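Quick notes on the structure that follows.
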Amino acid sequence: MIFEKQYPIDTIHLDCFGRMKPSMILYFAQEVAGSHCDELGCNWDAMAAKGLFWAVIRHRIQIQRLPRAGETITIETWPMPTTKTCYPRSMEARDGQ
């Protein structure tokens, strides 16, 4: 199941050069992963009730262009095959260009 969410880029997301801060990519990734987990019924409350939690442990990011204020990015995420201890997911972020 592919989950998609859009995020408008505002001035608070920008660096001193007027481009989105790279750290915001990680923030949006965390937010979209949480929203997807809400949709799948494995949100924080459901996991905590079972004594479990989920955490981001690794990211691999490739940036071709950082958006500017007024643009909107679309992030898609989907679950990858699980391992014994991990539930990896993949994401792709695109801007209007």
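Going by numbering that gives the first Met the number 0, 80 is the number at position 81 of the sequence shown; the sequence numbering is gapless.
All residues carry an ideal CB built from backbone N, CA and C; glycine is no exception.
Given the structure is predicted, the values throughout are model-derived calculations rather than measurements.
Pair within 8 Å by beta-carbon distance, residue i and residue j
{"i": "Ile1", "j": "Glu75", "result": "yes"}
{"i": "Ile72", "j": "Ala92", "result": "yes"}
{"i": "Ala45", "j": "Asp9", "result": "no"}
{"i": "Arg88", "j": "Trp77", "result": "yes"}
Cβ distance (whole Å) where residue i is taken to contact residue j below 8 Å
{"i": "Ile62", "j": "Pro7", "result": "Contact flag wrong, Cβ pair sits at about 19 Å."}
{"i": "Ile24", "j": "Ile56", "result": "Wrong, their Cβ atoms sit about 17 Å apart, outside the cutoff."}
The ligand FMN heavy atom lying under 7 Å from the CB of residue i
{"i": "Leu51", "result": "Looking at this structure, you won't find the ligand FMN or any other ligand, since it has none at all."}
8 Å Cβ cutoff, residue i in contact with chain C
{"i": "Ala54", "result": "Protein chain content of the structure displayed is limited to a single chain, and chain C is not contained in it."}
Coil, strand or helix - residue i by DSSP
{"i": "Trp77", "result": "strand"}
{"i": "Thr10", "result": "helix"}
{"i": "Met99", "result": "The structure shown does not extend to residue 99, since the chain is modelled only from 0 through 96, so no value can be given for it."}
{"i": "Lys4", "result": "strand"}
What runs of the alpha helix (DSSP H), each 4 residues or longer, lie entirely inside the stretch 25 to 63?
43 to 48
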